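**Student:**
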Amino acid sequence: MSAGADLATPALLLSAGLFAIGVVGVFLRRNVITVFMCVELMLNAVNLAFIAFSRWRGTLDGQVLVFFVLTVAAAEAAVGLAIIIDTIYVDEVHVMKG
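Offset between the sequence shown (1-based) and the numbering used here: plus 407.
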């Protein structure tokens with residue numbers, strides 16, 4: 408049994424747990440920033456599953472796919488935050504009101 412196969416089961420269990428926490432957060436929270444954080448948690452859980460399956464199979468396919476998912480997640484976070492604060496300019500966001 409390879410080292411990747413030994414680590415696959417705990418990594419997949421952790422991934423499933425993180426994904427479940429993210430889903431619960433998306434459905435139960437009303438704050439938009441918190442919902443975005445939960446969506447990011449779900450994306451990172453999927454990334455962990457990709458890495459675990461990649462190690463289990465002994466290929467780099469899952470690890471390469473993680474880079475694409477991280478790129479999409481960064482773009483999603485930037486666009487979502489710009490929509491929330493209604494600007495794309497950093498100079499206009501000098502005071503965060505709560």
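From the three backbone atoms N, C-alpha and C, an ideal C-beta is built for every residue, glycine too.
Note that the coordinates shown come from a computational prediction; the quantities given were computed from them, not determined experimentally.
Where does Val438 fall in DSSP's three states?
**Tutor:** Taking the sequence shown and counting its residues from 1, the one referred to as residue 438 is at position 31. In the sequence on display, residue 438 carries Asn and not Val. Here Asn438 sits in coil by DSSP.
**Student:** Classify Ile458: buried if its beta carbon has 16 or more other beta carbons within 10 angstroms, exposed otherwise.
**Tutor:** Here residue 458 refers to the residue found at position 51 of the sequence shown. That one is buried.
**Student:** Could you tell me whether the region 421-436 touches the region 446-457, where touching means 3 or more Cβ pairs closer than 8 angstroms?
**Tutor:** Enough Cβ pairs lie closer than 8 angstroms, so yes.
**Student:** Which term fits Arg462, buried or exposed, when burial requires 16 or more other beta carbons within 10 angstroms of its beta carbon?
**Tutor:** Locating residue 462 in the sequence shown gives position 55, counting from the first residue. Under this definition Arg462 is a buried residue.
**Student:** Rounded to the nearest angstrom, what separates Val430 and Val446 at their Cα positions?
**Tutor:** On the sequence shown, residue 430 is found 23 positions in, with the first residue counted as 1. On the sequence shown, residue 446 is found 39 positions in, with the first residue counted as 1. Distance between the alpha carbons of Val430 and Val446: 8 angstroms.
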